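Asks: Residue numbers (my numbering), protein chains in the order written: chain A, 12 to 269; chain B, 12 to 269.
Structure incoming, see below.
This is the structure:
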């Protein structure tokens, strides 16, 4: 079977299977994006989460929270209010932790070039921990990931370690991250539409390929150049804020744009 | 210039440049690993951090912390004690946040296959947010990243929002993560040595290629199979704990191992 046919087979198999998530359906805020990708021949999504605030009750011996086995005291994809957390915390008898988990998306791509376009769009939209996986048999996945989390231990052996005032303050921070996360999803979706349009144009008119090639190359620290049509000045400032390979880590500058 | 020559040129350029990190040198806990990679023809490292506990003083208007411009009140690559944080917090006049940032490593690879091997080793060692980047001109980077962080707002407009007892509890959690992070670096280094040894053997004896091919394919949820020689039973349990694509997100199972 040729590569394209194999990809179509995988896609059909994957999209026909049941959604095995706890929720059992795609999150509202990413339905349109997921459908947009799945309508394209070169992509299909294998998992997604629009972003959520979680309260988990973990082990009491300092072991890390086991998400699948531990108790989920609260999960919401919307803004969260203090009282919901206070009520949920009453059920904690281990070490409860509040997390904000940003948007995550896994997309299988027909070929490496498709993953590169998607990766570039993700980076430009602020999802700086995104990356490609290439399997032994050539299966190519793009994971869209943000650096934009929050993980706060709140109770120990069932005992609350913080005040209600702190929880209020913390939820304010978490809700701001949720709002920013939503903006980034929109930015990603807009950038994606533009990038794929440009790609289609380039394929139809190969002569302008040279000129348009830069559309899927991101320049470090210069997001507005790579995706001028969909990033506002305000967003640019925010984009600079969660820089995980900043000068705080041991770094040698890349010889050129990689 | 052919691909190998170009890669050698990039490597020479990169390794001859000054270390532009704040610290100005490679962290002690990863020096050996970094040297091991840089000695190999097919790799060179462009940035690294062994893992650290940070206290940052950020903006007061709910804006996210700007790592490069904000005030670093404290940074340590060792275990951290309460008094150091208490003293550092006295200098905060914005929103101070305590972070644990795990090991991160960026490696430029000669070709995609080299990045695949490294990626598989990283996943098997527990660095589940690792991913590949392929640039327009074919520059191939592997980022080793963990899901294993901590980000806790501690003060608001200079006012401490938590008790000393909480800071003590929090540092206990952060220090445990630091210890676990160190184990994972060791596991990654061990797995890497084994994987590259196998790769060398395979290149010397192509007939056993078929048999050994699985060495750089990770099976989901089955790390001990992919890297049996360097993962202990105890580690396996921990590996399962920070599963970011667990059944909590909308997921369709991959058709086969990808």
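We put the beta carbon where it would ideally sit given N, CA and C, even for glycine.
These figures come from a predicted structure and were not determined experimentally.
(1) How big is the Cα-Cα spacing for residue 211 of chain B and residue 128 of chain B?
(2) Against residue 140 of chain A, what residues of chain C qualify as contacts under a CB-to-CB distance less than 9 Å, listed in chain order?
(3) Using a threshold of 8 Å, state whether the C-beta atoms of residue 142 of chain A and residue 142 of chain B are closer than that.
(4) Taking the alpha-carbon of residue 120 of chain A as reference, which of A:178, A:133 and A:144 has the nearest alpha-carbon?
(5) When DSSP labels each residue in this structure, what does residue 14 of chain B get in the three-state scheme?
(6) Is it buried or exposed for residue 31 of chain A, if we count other Cβ within 10 angstroms and need 16 for buried?
(7) Specify the secondary structure class of residue 152 of chain A as computed by DSSP and reduced to three states.
(8) Any beta carbon of chain B sitting closer than 8 Å to that of residue 162 of chain A?
(9) Below 8 Å between beta carbons: does that hold for residue 95 of chain A and residue 85 of chain A?
(10) Would you give the residue range spanned by the alpha helix (DSSP H) that residue 184 of chain B belongs to?
(11) From the DSSP secondary-structure annotation, give me the bridge partner or partners of residue 144 of chain B.
(12) Hey, could you find the ends of the alpha helix (DSSP H) residue 124 of chain B is sitting in?
(13) When the distance is taken between beta carbons, is residue 192 of chain A closer than 8 Å to residue 114 of chain A?
(14) Express the C-alpha separation of residue 180 of chain B and residue 168 of chain A in angstroms, rounding to a whole number.
(15) Taking only the alpha-carbon atoms, compute the straight-line gap between residue 203 of chain A and residue 207 of chain B and give it to the nearest angstrom.
(16) Since residue 118 of chain B and residue 47 of chain B are thought to touch, with beta carbons under 8 Å apart, how far apart are those beta carbons, to the nearest angstrom?
(17) Please list, in chain order, the residues of the region 85-105 of chain A that have any C-beta partner in chain B closer than 7 Å.
(18) Give me whichever residues DSSP pairs with residue 105 of chain B in a beta bridge.
(19) May I ask you to report which of helix, strand or coil DSSP gives residue 31 of chain B?
(20) Using the rule of at least 16 other Cβ atoms within 10 Å of the residue's Cβ for burial, across every protein chain shown, is residue 10 of chain B buried or exposed?
(21) Excluding the 5 residues preceding and the 5 following residue 239 of chain A in the sequence, name in chain order all residues of the same chain whose CB lies nearer than 7 Å to its CB.
(22) Consider the Cβ of residue 127 of chain A: report whether some Cβ of chain B lies at a distance smaller than 8 Å.
(23) Give the DSSP-derived three-state secondary structure of residue 89 of chain A in the structure shown.
(24) At least one CB of chain B closer than 8 Å to the CB of residue 177 of chain A: is that the case?
(25) At 8 Å on the CB atoms, spell out the chain B contacts of residue 180 of chain A, in chain order.
(26) For residue 57 of chain B, tell me which candidate among B:99, B:98 and B:155 has the shortest Cα-Cα distance.
(27) Start and end of the alpha helix (DSSP H) containing residue 48 of chain A?
(28) What number of angstroms, rounded off, separates the C-alpha of residue 230 of chain B from the C-alpha of residue 187 of chain A?
(29) Which one or two residues does DSSP pair with residue 120 of chain A in a beta bridge?
(30) Is the CB-CB distance between residue 61 of chain B and residue 40 of chain B below 8 Å?
(31) Any Cβ of chain A within less than 8 Å of the Cβ of residue 246 of chain B?
(32) Take residue 132 of chain B and list the residues in its own chain whose beta-carbon comes closer than 6 Å to its own, dropping the five residues that flank it on each side.
(33) Indicate the three-state DSSP secondary structure (helix, strand or coil) for residue 68 of chain A in the structure shown.
(34) Which one of B:176, B:164 and B:65 has the shortest CA to CA distance from residue 105 of chain B?
(35) Within the 8 Å Cβ cut-off, does residue 201 of chain B reach chain A?
Replies: Looking at the coordinates:
(1) Looking up residue 211 of chain B in the second chain gives position 200. Looking up residue 128 of chain B in the second chain gives position 117. Each residue's Cα considered, the two are about 12 Å apart.
(2) Although the question refers to chain C, the structure presented lacks it and instead comprises the protein chains A and B.
(3) Position 131 of the first chain holds residue 142 of chain A. Position 131 of the second chain holds residue 142 of chain B. Contact: yes.
(4) Locating residue 120 of chain A in the first chain gives position 109, where the first residue counts as 1. It is A:144 whose Cα lies nearest to the Cα of residue 120 of chain A.
(5) Numbered from 1 along the second chain, position 3 holds the residue referred to as residue 14 of chain B. Residue state, collapsed to three classes: helix.
(6) Stepping through the first chain from its first residue, residue 31 of chain A is reached at position 20. Looking at its Cβ environment, which holds fewer than 16 other Cβ atoms inside 10 Å, residue 31 of chain A is exposed.
(7) Residue 152 of chain A sits at position 141 when you count from the first residue of the first chain. If DSSP states are grouped into helix, strand and coil, residue 152 of chain A belongs with the strands.
(8) As a working note, residue 162 of chain A is residue 151 in the first chain. Yes, residue 162 of chain A counts as interfacial toward chain B.
(9) In the first chain, residue 95 of chain A corresponds to position 84, counting from 1. In the first chain, residue 85 of chain A corresponds to position 74, counting from 1. In this structure, residue 85 of chain A lies closer than 8 Å to residue 95 of chain A by Cβ.
(10) The sequence position of residue 184 of chain B within the second chain is 173, counting from 1. It spans 175-215 - the alpha helix (DSSP H) in which residue 184 of chain B sits, taken as one unbroken run.
(11) Along the second chain, one-based indexing puts residue 144 of chain B at 133. B:152.
(12) Along the second chain, one-based indexing puts residue 124 of chain B at 113. Counting along the chain, the alpha helix (DSSP H) containing residue 124 of chain B begins and ends at 123-135.
(13) Here residue 114 of chain A refers to the residue found at position 103 of the first chain. Here residue 192 of chain A refers to the residue found at position 181 of the first chain. A contact, by the Cβ cut-off of 8 Å.
(14) Sequence index remark: in the first chain, residue 168 of chain A carries index 157 (1-based). Sequence index remark: in the second chain, residue 180 of chain B carries index 169 (1-based). Whole-angstrom Cα-Cα distance: 11 Å.
(15) The sequence position of residue 203 of chain A within the first chain is 192, counting from 1. The sequence position of residue 207 of chain B within the second chain is 196, counting from 1. When rounded, the separation of the alpha-carbon atoms in residue 203 of chain A and residue 207 of chain B is 37 Å.
(16) The residue labelled residue 118 of chain B in the question sits at position 107 within the second chain. The residue labelled residue 47 of chain B in the question sits at position 36 within the second chain. Between residue 47 of chain B and residue 118 of chain B the Cβ distance is about 11 Å, and since that is not below 8 Å, they are no contact.
(17) If the cut-off is 7 Å between Cβ atoms, the region 85-105 of chain A has nothing near chain B.
(18) The sequence position of residue 105 of chain B within the second chain is 94, counting from 1. Per DSSP, none; premise fails for residue 105 of chain B.
(19) Taking the first residue of the second chain as position 1, residue 31 of chain B is located at position 20. Reduced to three states, the DSSP call for residue 31 of chain B is coil.
(20) Because chain B spans 12 through 269 in this model, residue 10 of chain B falls outside it and cannot be assessed.
(21) On the first chain, residue 239 of chain A is found 228 positions in, with the first residue counted as 1. Caution applies to residue 239 of chain A, whose pLDDT of 40 falls short of 50 and renders its modelled position unreliable; the value that the coordinates give is listed next. Nothing meets the Cβ criterion.
(22) For the purposes of this step, residue 127 of chain A is taken as the residue at position 116 of the first chain. True, the Cβ-Cβ gap to chain B drops below 8 Å.
(23) As a position in the first chain, residue 89 of chain A is number 78, starting the count at 1. Coil at residue 89 of chain A, not helix or strand.
(24) For the purposes of this step, residue 177 of chain A is taken as residue 166 along the first chain, with counting starting at 1. Judged by the 8 Å Cβ criterion, residue 177 of chain A is in contact with chain B.
(25) Walking along the first chain from the start, residue 180 of chain A turns up at place 169. Correct list: 164, 167 and 172.
(26) The residue given as residue 57 of chain B occupies position 46 in the second chain. Closest by alpha carbon: B:155.
(27) As a first step, residue 48 of chain A must be located in the first chain, where it is residue number 37. Note, residue 48 of chain A: alpha helix (DSSP H), 42-50.
(28) Numbered from its first residue, the second chain carries residue 230 of chain B at position 219. Numbered from its first residue, the first chain carries residue 187 of chain A at position 176. Note that residue 230 of chain B scores 43 on pLDDT, short of 50, meaning its location in the model is unreliable and no value can be drawn from it.
(29) For the purposes of this step, residue 120 of chain A is taken as residue 109 along the first chain, with counting starting at 1. A:54 and A:151, per the DSSP bridge assignment.
(30) Locating residue 61 of chain B in the second chain gives position 50, where the first residue counts as 1. Locating residue 40 of chain B in the second chain gives position 29, where the first residue counts as 1. Result yes, Cβ atoms of residue 61 of chain B and residue 40 of chain B sit closer than 8 Å.
(31) As a working note, residue 246 of chain B is residue 235 in the second chain. Note that residue 246 of chain B scores a pLDDT of 36, beneath 50, so its modelled location is shaky; the value from the coordinates is reported in the next line. Residue 246 of chain B does not count as touching chain A.
(32) Reading the second chain from its first residue, position 121 is the one you call residue 132 of chain B. Once the five neighbours on either side are set aside, the close Cβ partners of residue 132 of chain B are 202, 203 and 206.
(33) For the purposes of this step, residue 68 of chain A is identified with residue 57 of the first chain, where counting begins at 1. Strand at residue 68 of chain A.
(34) By 1-based counting over the second chain, the position of residue 105 of chain B is 94. The shortest Cα separation from residue 105 of chain B among B:176, B:164 and B:65 belongs to B:164.
(35) The count along the second chain starts at 1 and reaches residue 201 of chain B at position 190. By this cut-off, residue 201 of chain B is not an interface position.
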